[in-house]
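Below is one structure, written out as structure tokens; comments come after it.
2 protein chains.
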Amino acid sequence: MNDHFLRQECVLSDFGTLADGWEKRMDGADTARRRPTITDVARLAGVSPQTVSRYLRFNGGLKPATLERVENAIRELDYRPNLVARSMRTRKTGRLAIIMPAMAFNPSRMLAGASATAQAGGFFVDVVSAGGGVRARSERLLELADSGQFEGILSLAPVLPAVESKLHQRTTVVISADFDDEMRGIGQLADATPVVQMIEHLAALGHSRFLHVAGDAQFASARARKQSYLDAVERLGVESVGVFDGDWSGESGIEAIRSLPSHARPTAVIAANDLVAAGVVRGARERGWDVPGDLSVTGWDNAGVGQFMTPSLTTVDVELEQLGSTAMAKLIAGLRDSAPETSEGSLFRIIWRESTAEPPATGRAGRKR
Amino acid sequence: MNDHFLRQECVLSDFGTLADGWEKRMDGADTARRRPTITDVARLAGVSPQTVSRYLRFNGGLKPATLERVENAIRELDYRPNLVARSMRTRKTGRLAIIMPAMAFNPSRMLAGASATAQAGGFFVDVVSAGGGVRARSERLLELADSGQFEGILSLAPVLPAVESKLHQRTTVVISADFDDEMRGIGQLADATPVVQMIEHLAALGHSRFLHVAGDAQFASARARKQSYLDAVERLGVESVGVFDGDWSGESGIEAIRSLPSHARPTAVIAANDLVAAGVVRGARERGWDVPGDLSVTGWDNAGVGQFMTPSLTTVDVELEQLGSTAMAKLIAGLRDSAPETSEGSLFRIIWRESTAEPPATGRAGRKR
DNA sequence: AGGACCATAGTGAACGATCACTTTTTGCGT
DNA sequence: ACGCAAAAAGTGATCGTTCACTATGGTCCT
Numbered sequence: 022m023n024d025h026f027l028r029q030e031c032v033l034s035d036f037g038t039l040a041d042g043w044e045k046r047m048d049g050a051d052t053a054r055r056r057p058t059i060t061d062v063a064r065l066a067g068v069s070p071q072t073v074s075r076y077l078r079f080n081g082g083l084k085p086a087t088l089e090r091v092e093n094a095i096r097e098l099d100y101r102p103n104l105v106a107r108s109m110r111t112r113k114t115g116r117l118a119i120i121m122p123a124m125a126f127n128p129s130r131m132l133a134g135a136s137a138t139a140q141a142g143g144f145f146v147d148v149v150s151a152g153g154g155v156r157a158r159s160e161r162l163l164e165l166a167d168s169g170q171f172e173g174i175l176s177l178a179p180v181l182p183a184v185e186s187k188l189h190q191r192t193t194v195v196i197s198a199d200f201d202d203e204m205r206g207i208g209q210l211a212d213a214t215p216v217v218q219m220i221e222h223l224a225a226l227g228h229s230r231f232l233h234v235a236g237d238a239q240f241a242s243a244r245a246r247k248q249s250y251l252d253a254v255e256r257l258g259v260e261s262v263g264v265f266d267g268d269w270s271g272e273s274g275i276e277a278i279r280s281l282p283s284h285a286r287p288t289a290v291i292a293a294n295d296l297v298a299a300g301v302v303r304g305a306r307e308r309g310w311d312v313p314g315d316l317s318v319t320g321w322d323n324a325g326v327g328q329f330m331t332p333s334l335t336t337v338d339v340e341l342e343q344l345g346s347t348a349m350a351k352l353i354a355g356l357r358d359s360a361p362e363t364s365e366g367s368l369f370r371i372i373w374r375e376s377t378a379e380p381p382a383t384g385r386a387g388r389k390r
Numbered sequence: 022m023n024d025h026f027l028r029q030e031c032v033l034s035d036f037g038t039l040a041d042g043w044e045k046r047m048d049g050a051d052t053a054r055r056r057p058t059i060t061d062v063a064r065l066a067g068v069s070p071q072t073v074s075r076y077l078r079f080n081g082g083l084k085p086a087t088l089e090r091v092e093n094a095i096r097e098l099d100y101r102p103n104l105v106a107r108s109m110r111t112r113k114t115g116r117l118a119i120i121m122p123a124m125a126f127n128p129s130r131m132l133a134g135a136s137a138t139a140q141a142g143g144f145f146v147d148v149v150s151a152g153g154g155v156r157a158r159s160e161r162l163l164e165l166a167d168s169g170q171f172e173g174i175l176s177l178a179p180v181l182p183a184v185e186s187k188l189h190q191r192t193t194v195v196i197s198a199d200f201d202d203e204m205r206g207i208g209q210l211a212d213a214t215p216v217v218q219m220i221e222h223l224a225a226l227g228h229s230r231f232l233h234v235a236g237d238a239q240f241a242s243a244r245a246r247k248q249s250y251l252d253a254v255e256r257l258g259v260e261s262v263g264v265f266d267g268d269w270s271g272e273s274g275i276e277a278i279r280s281l282p283s284h285a286r287p288t289a290v291i292a293a294n295d296l297v298a299a300g301v302v303r304g305a306r307e308r309g310w311d312v313p314g315d316l317s318v319t320g321w322d323n324a325g326v327g328q329f330m331t332p333s334l335t336t337v338d339v340e341l342e343q344l345g346s347t348a349m350a351k352l353i354a355g356l357r358d359s360a361p362e363t364s365e366g367s368l369f370r371i372i373w374r375e376s377t378a379e380p381p382a383t384g385r386a387g388r389k390r
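So the sequences go chain by chain: A and B.
Position in the first sequence (from 1) plus 21 gives the number in my numbering.
Position in the second sequence (from 1) plus 21 gives the number in my numbering.
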């Protein structure tokens, strides 16, 4: 049966230019027709498979006459190399994997950047999400590395040190230090210098009493922002009425303001992100405080709607795409033994909007408007 | 040389339990050590490769004693099957591709859903973004289909009809009708029934003069919302002061309100999305109108910050993950010739918040507060 | 003319697994 | 003990390509 089928293929090849018509005829009957192989092409062109192979990879030194015959045969059969088979022989798959803790979460912008860079480099990208903790992810990572399917792996989250060292022997792996276990930003992402800059700017405007509403302390980025806040406040000699430990939610922003004793009233709030900032603004309004008249508020993330709130939200724009792209570039450079191009400037850009302004004219906090 | 190396491997196998120590010894010297193959495992276990293969795929009828030997050998060598080789023989790659117009854009939630479903089904997922228009994408899609690397392809955007019919002969392809060329929602996503429901609800509250700020008319979803608005207004016999043709932006929301002649003042605005709605609220404030006191506003998308704006934004939550997941389920069902599970309820959920309320008490529009 | 040398093309053997068979072993009834 | 089917394990071929060689033919030099 199999033999018969093969013979049929041979006959087909002889028909040459009729292939098109044949294809149509077969549509109904035998849809799952075998794809032509390099051998079919070789036979049709009257050369050896090796010669066709040479043509395919680099146009390597074929005589013009031969070259044309091969090209014709390929065109005629509508041949395309079987990449799986090629991978098997060359041990190059042209595929990279990106592994991330939970696909449901948001670093899709980062993923987009990484993916684009990989594709520009001629690689396919598999996005693999691994649930569970470090342990599970490390396991999955090893599995991926050993599957032989990937030339390189970009992990957006850390893995067990033991596994990591094991990994590096087998595959090129770049572990982006930008997210931790639960996809909480660390590394570059946790850089909180914009907090310092914002406080400096506000202090220059005359603000002297600050409040920080922190994000979930499990997140390195939340901790970093908090720490930067504390450092900046101390260094600049301005007063901090405290730090409210929140959880990234809008509610925590509201609660932070609600729970402020009326005697300790800040003139500026550094919120952990835009959602929190929106909550803070809301809380302030509850207490009858005007933003920015009585209180300046800053956010983080540049959420789209923030620009059209009243007041529009001062925030920090984070170049997640670039972050992803940089990590991927590092991986590809590693694969090619070339030096990774150094990435340019800062990932952050502060956008000043209406929610920040000079402090209340009297300089006295607690004033009602 | 090669021969020598192989012989060394053989010797190694004989050492059996010493393999671990050997591995450590080699770490420094010969990092790029050959991965163990199924044959190595078979040799170590004293069985044939076929037996090991049987064990790997389904735990097919091995004698307990054999099974244990195989398992030990696998563990000892830290063996994992080479998926590329397996793919070659089985002609199943276990990989699906998702193709989308521009990775930069936002349907990442949909992607997340699709991806999760695929992984639950045991597939790898390649996310491929194809720039250019229908033409370029169709071309790329054909290429992917012919690469033989994918068992199925999920396209989140339409392709040329000619290409589509060609495709279906070669691979299983599901073309999600939810986005068009430029990733503009169509199909289910363009379903605008929530608009009708919102208008009904507002009319029941007593609203009688409506305004719609539409999204970019190039988007099917924008057109559908607009049409639904027009239909509902007509059917319910309420007044429409008009439709402002916007572009999804916050600015268009502001502009829509600014450009309203003061005699034609609506009591409710159906905005194309949350960003527009935020703009509308801002515009209203510019004119001294209170939201929702003078004007009710609805959005669409359930953007995070909307909940904490003042007033918090009434909006429509769209289950993008489910949409993606459903599409992927359809693809996988197609691959397995099984019936796709029917998806349950609506993709939409209206969230009523502060930005909508009863119309101004007098019923007379134009009243200043 | 002989040989060195390059350009071109072909040969057989991998790559690592599974498939379709065949062979051996086991279990059980008579 | 024997036969006989079922269970367990083995054999050789094969998937489609490329690698490391080898073979052929032609050109040029001495």
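Just so it is clear, CB atoms sit at the ideal spot from N, CA and C, and this is done for glycine as well.
None of the values given here were measured: they were computed from a predicted structure.
*asked:* According to DSSP, is Lys45(B) part of a helix, a strand, or is it coil?
replied: In the second sequence, residue 45(B) corresponds to position 24, counting from 1. For Lys45(B), the predicted model reports a pLDDT of 30, less than 50, meaning its position is unreliable and no value from the coordinates is stated.
*asked:* Run through the DSSP bridge pairs and tell me what Thr319(B) is partnered with.
replied: Taking the second sequence and counting its residues from 1, the one referred to as residue 319(B) is at position 298. According to DSSP, Thr319(B) bridges with Ile291(B) and Thr335(B).
*Around the Cβ of Asn294(B), are there at least 16 other Cβ atoms within 10 angstroms (buried) or fewer (exposed)?*
Within the second sequence, the letter at position 273 stands for residue 294(B). When all chains shown are included, Asn294(B) counts as buried.
*Kindly indicate which residue of Gly327(A), His233(A) and Val105(A) has the alpha-carbon position closest to the one of Ala277(A).*
Here residue 277(A) refers to the residue found at position 256 of the first sequence. With distances taken between Cα atoms, Ala277(A) lies closest to His233(A).
_Give me the DSSP bridge partner(s) of Arg308(A)._
Locating residue 308(A) in the first sequence gives position 287, where the first residue counts as 1. None, per the DSSP bridge assignment.
_Would Leu296(A) pass as an interface residue toward chain B - the criterion being a Cβ-Cβ separation below 8 Å?_
Taking the first sequence and counting its residues from 1, one reaches residue 296(A) at position 275. Answer yes: the Cβ-Cβ gap between Leu296(A) and chain B drops below 8 Å somewhere.
*State the start and end residues of the unbroken beta strand (DSSP E) segment that holds His284(B).*
What you label residue 284(B) is simply residue 263 of the second sequence in a count that begins at 1. His284(B): not part of any beta strand (DSSP E); DSSP gives it neither H nor E.
*Taking the continuous beta strand (DSSP E) assigned at Thr87(A), which residues delimit it?*
Your numbering for residue 87(A) matches position 66 in the first sequence. It is not in any beta strand (DSSP E) - Thr87(A) instead sits in the alpha helix (DSSP H) that spans Pro85 to Leu98.
*Consider the Cβ of Glu340(A): report whether some Cβ of chain B lies at a distance smaller than 8 Å.*
The sequence position of residue 340(A) within the first sequence is 319, counting from 1. Closer than 8 Å to the CB of Glu340(A) there is not a single CB belonging to chain B.
*According to a CB-to-CB cut-off of less than 7 Å, which residues of the segment 166-184 of chain B neighbour chain A?*
Asp167, Ser168, Gly169 and Gln170
*Output the distance between the C-alpha atoms of Ser136(A) and Glu307(B), rounded to the nearest integer angstrom.*
Along the first sequence, read from residue 1 onward, the residue named residue 136(A) stands at position 115. Along the second sequence, read from residue 1 onward, the residue named residue 307(B) stands at position 286. Computed Cα separation, rounded: 43 Å.
*Show which residues of chain B have a CB atom less than 7 Å away from the CB atom of Ala106(A).*
Position 85 of the first sequence holds residue 106(A). Simply Met109.
*asked:* Pop quiz: Ala151(A) and Arg158(A) are said to be a contact at Cβ under 8 Å. What is the actual Cβ separation, rounded to whole angstroms?
replied: Taking the first sequence and counting its residues from 1, one reaches residue 151(A) at position 130. Taking the first sequence and counting its residues from 1, one reaches residue 158(A) at position 137. Indeed they touch by this definition, with Cβ atoms about 4 Å apart.
*Listing by chain order, which chain A residues have their CB less than 7 Å from the CB of Thr336(B)?*
In the second sequence, residue 336(B) corresponds to position 315, counting from 1. Chain A residues near Thr336(B): none, gap ~10 Å exceeds 7 Å.
*Is the Cβ of Lys389(A) closer than 8 Å to any Cβ of chain B?*
Your numbering for residue 389(A) matches position 368 in the first sequence. With a pLDDT of 44 at Lys389(A), under the threshold of 50, the modelled position of this residue cannot be trusted; read the value that follows with caution. Chain B, which has no Cβ nearer than 8 Å to the Cβ of Lys389(A), makes this no.
*For the alpha helix (DSSP H) that contains Gln245(B), what are its first and last residues?*
By one-based count along the second sequence, residue 245(B) stands at place 224. Note on residue identity: the sequence assigns Ala, not Gln, to residue 245(B). In the DSSP assignment, Ala245(B) falls within the unbroken alpha helix (DSSP H) covering Ala241 to Leu257.
*Since Glu164(A) meets chain B, which of its residues come closer than 8 Å, beta carbon to beta carbon?*
In the first sequence, the residue the question calls residue 164(A) occupies position 143. Within 8 Å Cβ-Cβ: Arg101.
*According to DSSP, is Gly263(A) helix, strand or coil?*
Stepping through the first sequence from its first residue, residue 263(A) is reached at position 242. In the structure shown, Gly263(A) adopts extended strand secondary structure according to DSSP, grouped into three states.
_Give me the chain A residues within the contact set of Val62(B), using Cβ-Cβ distance strictly less than 8 Å, ordered along the chain._
Your numbering for residue 62(B) matches position 41 in the second sequence. Correct list: empty, because the minimum Cβ distance to chain A is about 13 Å.
*Under a three-way DSSP split, which group does Gly81(A) fall into?*
Counting from 1 along the first sequence, the entry for residue 81(A) is found at position 60. In the structure shown, Gly81(A) sits in coil (DSSP, three-state: anything other than H, G, I, E or B).
*asked:* Looking at the secondary structure, which residues open and close the alpha helix (DSSP H) in which Thr214(B) lies?
replied: On the second sequence, position 193 is the one that residue 214(B) refers to. Counting along the chain, the alpha helix (DSSP H) containing Thr214(B) begins and ends at Thr214 to Leu226.
_Limits of the unbroken beta strand (DSSP E) element including Met121(B)_ = Residue mapping note: residue 121(B) aligns to position 100 of the second sequence, counting from 1. Looking at the DSSP string, the run of the beta strand (DSSP E) that includes Met121(B) is Arg116 to Met121.
*Just the C-alpha distance for Arg161(A) and Leu117(A), rounded to the nearest angstrom, thanks.*
For the purposes of this step, residue 161(A) is taken as residue 140 along the first sequence, with counting starting at 1. For the purposes of this step, residue 117(A) is taken as residue 96 along the first sequence, with counting starting at 1. Each residue's Cα considered, the two are about 15 Å apart.
*Range covered by the beta strand (DSSP E) that runs through Leu232(A)*: Within the first sequence, the letter at position 211 stands for residue 232(A). Residue range Arg230 to Ala235 is occupied by the beta strand (DSSP E) that includes Leu232(A).
*Going along chain B, which residues have a C-beta under 7 Å from Gln328(A)?*
Walking along the first sequence from the start, residue 328(A) turns up at place 307. Within chain B, the C-beta atoms nearer than 7 Å to that of Gln328(A) come from Gly271, in chain order.
_Cutoff 8 Å: Ala225(A) Cβ touching any chain B Cβ_ = The residue you call residue 225(A) lines up with position 204 of the first sequence. For Ala225(A), the answer is no, since every Cβ of chain B falls outside 8 Å of its Cβ.
*Consider the Cβ of Phe240(B): report whether some Cβ of chain A lies at a distance smaller than 8 Å.*
Residue 240(B) sits at position 219 when you count from the first residue of the second sequence. With 8 Å as the cut-off, Phe240(B) does not count as an interface residue toward chain A.
*Which chain A residues sit within Cβ distance under 8 Å of Phe144(B)?*
Stepping through the second sequence from its first residue, residue 144(B) is reached at position 123. What Phe144(B) touches in chain A: nothing, since even the nearest Cβ is about 10 Å away.
*Out of Ala348(A), Pro287(A), Arg55(A) and Gly82(A), point me to the one whose CA is closest to Glu362(A)'s CA.*
In the first sequence, the residue the question calls residue 362(A) occupies position 341. Out of Ala348(A), Pro287(A), Arg55(A) and Gly82(A), Ala348(A) has the C-alpha closest to the C-alpha of Glu362(A).
*asked:* Within the continuous alpha helix (DSSP H) that includes Asp61(B), where are the two ends?
replied: Walking along the second sequence from the start, residue 61(B) turns up at place 40. If you look at Asp61(B), you'll find it in the alpha helix (DSSP H) that goes Ile59 to Ala66.
*Please state if the CB of Val318(B) and the CB of Ser376(B) are separated by a distance shorter than 8 Å.*
Taking the first residue of the second sequence as position 1, residue 376(B) is located at position 355. Taking the first residue of the second sequence as position 1, residue 318(B) is located at position 297. In this structure, Val318(B) lies closer than 8 Å to Ser376(B) by Cβ.
*Using a Cβ cut-off of 8 Å, which residues of the segment 296-310 of chain A contact any Cβ in chain B, in chain order?*
Residues of the segment 296-310 of chain A with a Cβ closer than 8 Å to any Cβ of chain B, in chain order: Leu296, Ala299, Gly300, Val302, Arg303 and Arg306.
*Residues of chain A with CB under 8 Å from Gln343(B), in chain order?*
In the second sequence, residue 343(B) corresponds to position 322, counting from 1. Simply none; closest approach about 12 Å.
*asked:* Let me confirm a value: Phe79(A) is counted as buried when at least 16 other C-beta atoms fall within 10 Å, else exposed. Which label applies?
replied: Taking the first residue of the first sequence as 1, we reach residue 79(A) at position 58. By the 10 Å Cβ count, Phe79(A) comes out exposed.
*Using a Cβ-Cβ cut-off of 7 Å (strictly less than) and excluding sequence neighbours within five positions of Gln170(B), which residues of its own chain qualify?*
Mapped onto the second sequence, residue 170(B) falls at position 149. Thr114 and Arg116.
*Ala324(B) touches chain A at which residues, Cβ-Cβ below 9 Å?*
For the purposes of this step, residue 324(B) is taken as residue 303 along the second sequence, with counting starting at 1. Within 9 Å Cβ-Cβ: Ala324, Gly325 and Val326.
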